[in-house]
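Working notes, beginning with the structure itself.
There are 2 protein chains.
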Amino acid sequence: MRIGELAAVTGTTAKTLRFYESAGLIPPPHRSPNGYREYSDDMVSRLDFVRRGQSAGLSLAQIAEILHLRDEGRSPCAHVETLLAERLEELDRQISDLLELRETVAKLHESSRSPDSSLCRPDQVCRYI
Amino acid sequence: MRIGELAAVTGTTAKTLRFYESAGLIPPPHRSPNGYREYSDDMVSRLDFVRRGQSAGLSLAQIAEILHLRDEGRSPCAHVETLLAERLEELDRQISDLLELRETVAKLHESSRSPDSSLCRPDQVCRYI
DNA sequence: ATGAACCTTCCAGTAAGATGGAAGGTCAAG
DNA sequence: CTTGACCTTCCATCTTACTGGAAGGTTCAT
């Protein structure tokens, strides 16, 4: 199948697939005599894996690592477990950071809703922040 | 005060201050005869405001908007309230997205911890993702 | 007079994941 | 024969908030 069809099947674009190739996520495919990329069917599942990896919050670089392990015939299981554990820790950090920020912003917003603009003095930028 | 001193006082760098000037966050200051930037003391509070705005999760562009309103002599209160409300909505969206993602990743990670590698088949990239 | 510590401008690059466009080749249908 | 839908490469751009470095001017202490 050619790049446009593969893109349609996997819900992405030809542009993105060429980018994925340059990023090492998919191997350079065979070329037809006219120079067109010609993909085999198993690229579909590989790209599905990429999409699932992204849904799991992994970066393309991490997804590429996993794929490369597999390409070398090695089982990526242990590495995947590590990546997922790290991602989980990072998510917990991000979430608690955002919750803290949310509290800060909520307080600022609450105070900004009291329409007591007499307290708004020109010698400061904004009393709410 | 010169740029290095202002940077030290406000906890940033001369490089960043020049960048802030180019981004319209601080006005171009007077220059000494030798061409050095010469800042007045009220730049300190302006930069403190920038830092507080960032702590509230506002972008430099949003902070610049607020400062420009104030620079025009207009009260930014109403605009600030809108910005904070939008930021709060966005934070809620981000947080719930991350919580959802955390659930997904936690499940994947849990299943990846069962060391049943007999299920790891070479014809798929990784059964965990 | 010389070295350190400032300052200046300008240009380039970083992360991440694409996206847009130019200029051109290929192929099938009408 | 031409139109339209594909495909190719390469280069530039987007976002955000800086950061690095080159090449050079200024000031102060020793």
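Quick mapping for you: the protein sequence lines, in order, are chains A and B. Here the first sequence stands for residues 1 to 129, where the numbers follow this note's numbering. Here the second sequence stands for residues 1 to 129, where the numbers follow this note's numbering. C-beta atoms are modelled at their ideal positions from N, C-alpha and C, and glycine is treated no differently. Please read all numbers here as calculations on a predicted model, not as lab measurements.
For Gly73/B against Ile63/B, the beta-carbon gap comes to about 18 Å, at or over 8 Å, which does not count as contact.
Along the stretch 31–95 of chain B, the alpha helix (DSSP H) occurs as fully enclosed runs of 4 or more residues at 42–55 and 60–71, listed in sequence order. Considering only beta carbons, the part of the stretch 62–88 of chain B lying closer than 8 Å to chain A consists of Ile66, Leu67, Arg70, Gly73, Ser75, Pro76, Cys77, Val80, Glu81, Leu84, Ala85, Arg87 and Leu88, in chain order.
Neighbours of Gly35/B in chain A, taken as residues whose beta carbon is under 7 Å from its own, are absent, since the nearest beta carbon is some 29 Å off.
Straight-line spacing of the CA atoms in Asp48/A and Arg31/A works out to 22 Å.
Each residue's CA atom was taken as its position, placing Pro33/B and Phe19/B some 22 Å apart. The DSSP-derived three-state label of Gly11/B is coil. The beta-carbon of Arg51/A is placed no less than 7 Å from the nearest beta-carbon of chain B. The residue among Gly35/B, Ala56/B, Glu38/B and Ala106/B with its C-alpha nearest the C-alpha of Leu88/A is Ala106/B. Just so you know, the alpha carbons of Tyr39/A and Leu67/A end up roughly 17 Å apart. At a cut-off of 7 Å, the C-beta of His30/A has no neighbouring C-beta in chain B. For Val9/A, the closest Cβ of chain B is not nearer than 7 Å.
Its chain contains Arg2 as the residues whose beta carbon lies nearer than 6 Å to that of Tyr36/B, once the 5 sequence neighbours on both sides are disregarded; these appear in chain order.
In this structure, the beta-carbon distance from Val9/A to Val44/A falls below 7 Å. Burial is judged here by how many other beta carbons sit within 10 angstroms of a residue's own beta carbon; Ser112/B has at least 16 and is buried. With contacts defined by Cβ atoms closer than 7 Å, Ala85/B and His109/A form a contacting pair.
At a cut-off of 7 Å, the C-beta of Val44/B has no neighbouring C-beta in chain A. Arg46/A has its alpha-carbon roughly 9 Å from the corresponding atom of Leu25/A.
Looking from the CA of Leu98/A, the closest CA among Leu58/B, Lys15/B, Ala7/B and Arg51/B belongs to Leu58/B. Secondary structure of Ala106/A (DSSP, three-state): helix. Under the Cβ distance rule, Ala14/A does not count among the residues neighbouring chain B, no pair being separated by less than 7 Å. Contact residues of the stretch 101–114 of chain A toward chain B are Leu101, Arg102, Thr104, Val105, Ala106, Leu108, His109, Ser112 and Arg113 (C-beta to C-beta distance below 8 Å).
Looking at the backbone, the Cα of Glu103/A and that of Cys126/B are separated by about 39 Å. Taking C-beta separations shorter than 8 Å and ignoring five residues to either side along the sequence, the partners of Ala56/A in its chain run Leu84 and Arg87, following chain order. Judged by DSSP in its simplified three-state form, Ser112/A adopts helix.
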